[in-house]
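Note that the protein sequences, when read in sequence, are chains A and B.
So the first sequence is numbered by the working numbering: it starts at 7 and just counts up by one.
So the second sequence is numbered by the working numbering: it starts at 58 and just counts up by one.
The beta-carbon is built from N, C-alpha and C at its ideal position, and this holds for glycine as well.
First up is the structure itself, then whatever we jot down about it.
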Amino acid sequence: MTSHLLILALFSLVVSTVFAVLMRDEPREQLKAGGWMFAAFVVTAVALGWLMYPLPL
Amino acid sequence: MATKSTAAERAPAAAEPGTLVLVCVAAWAVPGAAHWWLGRRQKGIVFLIALTAMFAIGLSFGGQLFAFELREPLGALAAVADIGLGVPWILAKVMGYGAGHVTAVTHEAGNTFLIVAGLLNSLVILDAFDIAMGRK
């Protein structure tokens, strides 16, 4: 797997799953919190990526 | 109907120091084992699958299990994080995995997966400790 986006999504999925299970007790709440965290991870990373796009490296 | 339970309604705390140490060692050695032991089986299974998978993915990406050398402080910190996963880390070391493929495209991602898996298990250990103390 060499797609940065897929690796990002995989990383976000695992981390948001662990955080959601740590922070919430009920399965429904875990699913909701995990979904929000996953979305926040991916959207924030993509947004930051585009914000950094003009910067020279 | 599912209701939230308070700390007072839950299982009594395993507050004896010896038991607390065993809980923490179990949580470190096998991700989710302490939660399983303390009756939080759903959480234990999720931690076992998620953290072990994350560690395995990190190795398959060519990630490196860092050695603890004070000459390289960042590498030493990464080593401490890696060790957080317990038995999977020991098995990988014994079986010769984790040398790291620095030329692989996914090498840095693999390092990140390995380090974060260890750090997340550290949070799981703290959570198990809190449950054993009766705080959660």
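Quick one: grab the DSSP three-state call for residue i.
i      : result
A156/B : strand
K150/B : helix
V87/B  : coil
T163/B : coil
R30/A  : coil
R192/B : coil
G41/A  : helix
E35/A  : helix
G175/B : helix
R98/B  : helix
G143/B : coil
P74/B  : helix
L61/A  : coil
Going straight from the alpha carbon of residue i to that of residue j, what length do you get?
i      : j      : result
K100/B : V27/A  : 6 Å
V20/A  : L108/B : 8 Å
Y59/A  : I172/B : 27 Å
N168/B : W85/B  : 20 Å
Y154/B : L134/B : 19 Å
F112/B : V137/B : 15 Å
Between which two residues does the alpha helix (DSSP H) carrying residue i extend?
i      : result
F123/B : Where F123/B is concerned, there is no enclosing alpha helix (DSSP H), given that its DSSP letter is neither H nor E.
T8/A   : Per DSSP, T8/A belongs to no alpha helix (DSSP H) and is neither H nor E.
F118/B : Element bounds for F118/B: n/a, residue is neither H nor E.
P130/B : P130 to I140
So, is residue i buried or exposed, given that buried needs 16 or more other C-beta atoms within 10 angstroms?
i      : result
D187/B : exposed
M7/A   : exposed
L116/B : buried
L95/B  : buried
S18/A  : buried
A124/B : exposed
To be precise: take each residue of the segment 38-52 of chain A, compare its Cβ to all Cβ atoms of chain B, and keep it if any distance is under 9 Å. Which residues remain? Taking a C-beta cut-off of 9 Å against chain B, none of the residues of the segment 38-52 of chain A qualify.
Residues of the segment 133-158 of chain B in Cβ contact with chain A at a cutoff of 9 Å, in chain order, please. Here the close residues number zero.
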